[in-house]
Every structure is written in structure tokens, then in C-alpha cells.
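Numbering (mature numbering (1 follows the signal peptide of the UniProt record, and there is no 0)), first residue to last: -16 to -1, 1 to 313.
The beta-carbon is built from N, C-alpha and C at its ideal position, and this holds for glycine as well.
One structure below.
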Amino acid sequence: MKYICILVLLFQQVKTDDLRYDSCAYYMVSKGLGLPEFSERRVLNDVTVYHHDSSLDSKMPCPDWINTTAGKEHWKIIYHWTDYNKYVGTLGLQSATEQFNQTGSLTDGNIYQAFGCCSLYPNGTYRTLLAHAFNGKDFASFDFQTKTFVAAVPQAVLYKTLREKDPANMEEIATLYKKTCLERLQILKEAPRVNIKKVPEVRIIEKKRTDSVTVTCHVTGFYPREVQVIWLGSDLQPVVKGVTEALPNDDGTYQTRKSVIVPEEDVGKHAYSCVVLHISVPNNITTVWAGERAGGVAVWGSVCVCILLAAAVGFGVWWCRRRTRDAVI
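Written as C-alpha cells, this is what we have:
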């Protein structure tokens, strides 16, 4: 029973993650790399709703699907923060370059990046994140509790000091992510493509080696990006750990794969189930691999277990949810 609850909890976690709305902003300031000096992109989940870079003559106009007064006001706020992000990004690049140059560790080309995001979950949980990087490594982040910057490296202390000279700006950042961003989510989630869902295609691939068989669960063609792929043994215990990473396909969907290595002596003795959890399907997609020496009982035994699991989801979701809650910021 505990393994059934574990699977139900995993199912609930991925469903919660998939249903969330993420409103994120990425901006970049670079020098000596042949890239635009400044660029910014705003994304809701996987959908880009706003883009601007220094090579453009003007900012992206408000799209037609934003037709309310509140929506158009938020678009003006985005314009304002684009200008501000260019200013603080340039400040970050100059500060970081100056500090790292003292160690003689820089080349002629450098890049400063920032990532800010607010996430809203169906149960009301609301999370925020703001992080900066210099040449691809952590540089600084914003602490929403203390409303201060946290230096990830000694060279970021100067930037932290410069930013915190304006306490009103620290308050403004906190408000932007904890209030304004939440309001923006309600508007931007109406963007085209945001609510599109595509069902994963699942295929089992096996590769025989001298003393083992590598069995891969290849999952492709799904959207949105968040997915969970779990390999279960005959006892329903997960046999492969780790986060499921998804890569983009050319058509805007995603793909991923996860493998389990089965020793030669165990082939045909145990069945393994690849369970795929995605928002586009009501329960899960389960594909069973039992090896070429396995009999029908081994395969159908696992299939029956999966049917029982599906039947248990309704009760299990209710029972387990009472014991699991995300922390609300």
C-alpha cells in the first residue's frame, strides 16, 4: 500500500507542477561577443509573450489578445522594467567585469544575465525567484524576505552594495514579484498556445550488452514541458532516481528518455514498468517491459497492478493530499 501512495503522491506532484503558471523574465547584457548589447524575453510557461533587444527601433507593441484596460497598463509596466533592466544589467556587467578583472581571469567577451520568475499553483501556493549570473555562473540573488541582494561570490559584493543604496527600489522589486507579477499572470495566461496540451508518445527501446540489457523509455511529442518518467520494479518501488529533463523538438513539443539497466541473469524474471505522468492524460501512460524470456503471467501481473493503481488514484489523491501541502510564500 505504501508504494501505491508513493506513486499517487508522485502523480499529484507532477500534476500540480504541470498546472502551474510561470511568468518569467530573462534579460542579458553582453559586450565583445557579437550579441545584442541588451535583450529581454518574457515567457508564460513555454510561450514567449514579449521580446525586445537593442537592435530594434521600438518595443514590441501590445498584442491584440490583450484587450482590457488593466492588461494594457501592465504592458506599459513591462516597457518601464525593460528600460530599468537594461540599466541595472549594464551596472551588473560593469561591476562584475571590474571586480573579476582584478584577478586577471576575464577574456574580452563577457555576459551578464538575470532570471526572474513568479509561479502560481492551483492550491494557491505562490513562489518567486530572482537570480543573476555572470559568464554563466551564479553571481547574486534577491532575498524576498529581507529585501536585499545576496552575493554568491565575493566579486558580487560591490553590486549588492550599489543596488541596496536605494531601499525604495528594493521594496519596488519585492512588490513587483509578489503582487504585480501575480496580477500579470491572470492576464498573460490568456495568451495563444499557453493552454495547449499534447499527449506523449511512449516507446520502449532495449539494447543488449554482454552482461546486461539497457531498457530505455523514450517519451516524445508532449506539451507542456513538465513531465515525470518513473521506472518501477515488480514491487512497485522506483528503480531509477533523478529529475526528468526534457529537450525541445523542432515542432515545439518536447522529448525525454530514462533508462534502467537489467542484469542478464534477471532478464525474464522481473517485469519493469515505465510510468509517464503528464498533464495531457487523466492518469498515466504505463508501458511494461518483461524481457524476451518472460511469460505472460509476468507481463499481465504488472498490467493488473497498474490498473489497480489507476483505480486507487481517486481515493489515494484525496487521502494523500491531506498529508502533503506546499509551503506558501
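Enclosing beta strand (DSSP E) for residue i [first to last residue]
i           : result
residue 205 : 196 to 206
residue 5   : 5 to 15
residue 214 : 212 to 216
residue 175 : Run containing residue 175: none; DSSP gives neither H nor E here.
residue 257 : 256 to 261
residue 24  : 22 to 28
residue 131 : Note, residue 131: premise wrong, no beta strand (DSSP E); not H, not E.
Cβ-based burial, residue i [other Cβ within 10 Å; buried from 16]
i           : result
residue 184 : buried
residue 168 : buried
residue 187 : exposed
residue 221 : exposed
residue 69  : buried
residue 281 : Bear in mind that the predicted position of residue 281 carries a pLDDT of just 32, short of 50, making it too unreliable to give a figure here.
residue 139 : buried
residue 71  : exposed
residue 16  : exposed
residue 189 : exposed
residue 64  : exposed
residue 159 : exposed
residue 268 : buried
residue 242 : buried
residue 259 : buried
residue 230 : buried
residue 152 : exposed
residue 261 : buried
residue 248 : exposed
residue 24  : buried
residue 275 : buried
residue 117 : buried
residue 66  : buried
residue 73  : buried
residue 265 : exposed
residue 240 : buried
Whole-Å CB distance - residue i paired with residue j, under 8 angstroms assumed
i           : j           : result
residue 76  : residue 11  : Incorrect: roughly 10 angstroms between the Cβ atoms, too far for contact.
residue 209 : residue 238 : 5 angstroms
residue 178 : residue 29  : 6 angstroms
residue 182 : residue 207 : 4 angstroms
residue 215 : residue 224 : 4 angstroms
residue 102 : residue 110 : 7 angstroms
residue 50  : residue 56  : 6 angstroms
residue 254 : residue 196 : The Cβ separation is near 13 angstroms, so there is no contact.
residue 9   : residue 26  : 5 angstroms
Residue i in three-state terms, based on DSSP
i           : result
residue 47  : coil
residue 249 : helix
residue 229 : coil
residue 100 : strand
residue 34  : strand
residue 270 : strand
residue 139 : helix
residue 164 : helix
residue 147 : helix
residue 114 : strand
residue 169 : helix
residue 181 : coil
residue 240 : strand
residue 94  : strand
residue 122 : strand
residue 187 : strand
residue 293 : Confidence is the limiting factor: at residue 293 the pLDDT is only 45, short of 50, which leaves the residue's position unreliable and the question unanswerable from this model.
Residue i: first and last residue of the uninterrupted alpha helix (DSSP H) it sits in
i           : result
residue 159 : 151 to 159
residue 79  : 53 to 85
residue 105 : Neither: residue 105 is in no alpha helix (DSSP H) and is coded neither H nor E.
Reference residue i, options the options, closest by Cα
i           : options               : result
residue 48  : 194, 270, 171 and 215 : 171
residue 18  : 94, 194 and 153       : 94
residue 115 : 106, 107, 136 and 176 : 136
residue 192 : 67, 246 and 59        : 246
residue 213 : 195, 263 and 176      : 263
residue 13  : 38, 33, 4 and 85      : 38
residue 341 : 166, 104 and 161      : Because the chain in this structure spans residues -16 to 313, residue 341 falls outside the shown range and cannot be described.
residue 123 : 106, 242, 98 and 180  : 98
residue 62  : 78, 164 and 40        : 164
residue 133 : 224, 121 and 150      : 150
residue 20  : 32, 270 and 36        : 36
residue 127 : 58, 121, 161 and 83   : 161
residue 194 : 157, 251 and 205      : 251
Min CB distance residue i to chain C below 8 angstroms
i           : result
residue 261 : Among the chains of the structure shown, chain C does not appear; only one protein chain is present.
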